[in-house]
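The next block holds one structure in the form of structure tokens; read it before the comments.
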């Protein structure tokens, strides 16, 4: 019985460490959408907003690990976009509650959702981030969408 109790405590501890490792926003990302729009206007950039469940959503966790936290992604995407992460973690209710009005305003129906806005705050594209699970594919998609945004 002791072995089972020990194994359970180790498993819970590893899960807690894993979740807390993802609880911080990746470098190069903001968590303030309003400030991002101000910065986007000043820098003449678009805004990329990722809606994520960083501590409970498997596709979100995979995207952060494999794409969003990578220096090559942040450097590439930051040339044209201000990057914003709006997180809805189950382990940090106050963060999820702070971001909930944005999920309602933009009618988020699943995670990880990415919405692209022009600097004036007008949405020009949205998609599930997990459609592009590799950095190079995600950056290519961003470039293609960015080129078409002014055609609408």
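Residue numbers (the numbering used here): 5 to 156.
Quick reminder that beta carbons are idealized off the backbone N, C-alpha and C, glycines included.
Notebook entry, point to check: Given that a residue counts as buried once 16 or more other Cβ atoms are within 10 Å of its Cβ, and exposed if not, what is residue 62?
Noted result: Counted from its first residue, the chain shown places residue 62 at position 58. Under this definition residue 62 is an exposed residue.
Note to self: Using 8 angstroms for Cβ pairs, my map puts residue 120 next to residue 129. What's the rounded Cβ distance?
What the structure shows: Reading the chain shown from its first residue, position 116 is the one you call residue 120. Reading the chain shown from its first residue, position 125 is the one you call residue 129. Between residue 129 and residue 120 the Cβ distance is about 4 angstroms, and since that is below 8 angstroms, they are a contact.
Item checked: Classification of residue 42 by the beta-carbon crowding that lies within 10 angstroms, buried from 16 upward -> Here residue 42 is taken as the residue at index 38 of the chain shown, counted from 1. Flag for residue 42 reads exposed.
Check: Does the region 89-98 come close enough to the region 53-68 that 3 or more CB-CB pairs lie under 8 angstroms?
Finding: Taking a cut-off of 8 angstroms on C-beta distances, the region 53-68 touches the region 89-98, as three or more cross pairs fall below it.
Notebook entry, point to check: Taking the alpha carbon of residue 38 as the point to measure from, which residue in 136, 79, 94 and 103 has its own alpha carbon closest?
Noted result: Within the chain shown, residue 38 is the residue found at index 34, counting from 1. When only C-alpha atoms are compared, the closest one is 103.
Check: Tell me which same chain residues have a C-beta within less than 6 angstroms of the C-beta of residue 33, skipping the five on either side of it?
Finding: Position 29 of the chain shown, counted from the first residue, corresponds to residue 33. Same-chain partners within the cutoff: 87 and 89.
Note to self: Using a Cβ-Cβ cutoff of less than 7 angstroms, which residues in the same chain neighbour residue 25 once the five nearest sequence positions on both sides are dropped?
What the structure shows: Residue 25 sits at position 21 when you count from the first residue of the chain shown. The pLDDT assigned to residue 25 is 43, lower than 50, so where the model puts this residue is not dependable, and the model offers no usable value.
Note to self: residue 116 and residue 54 - do their beta-carbons sit closer together than 8 angstroms?
What the structure shows: As a position in the chain shown, residue 54 is number 50, starting the count at 1. As a position in the chain shown, residue 116 is number 112, starting the count at 1. Result yes, Cβ atoms of residue 54 and residue 116 sit closer than 8 angstroms.
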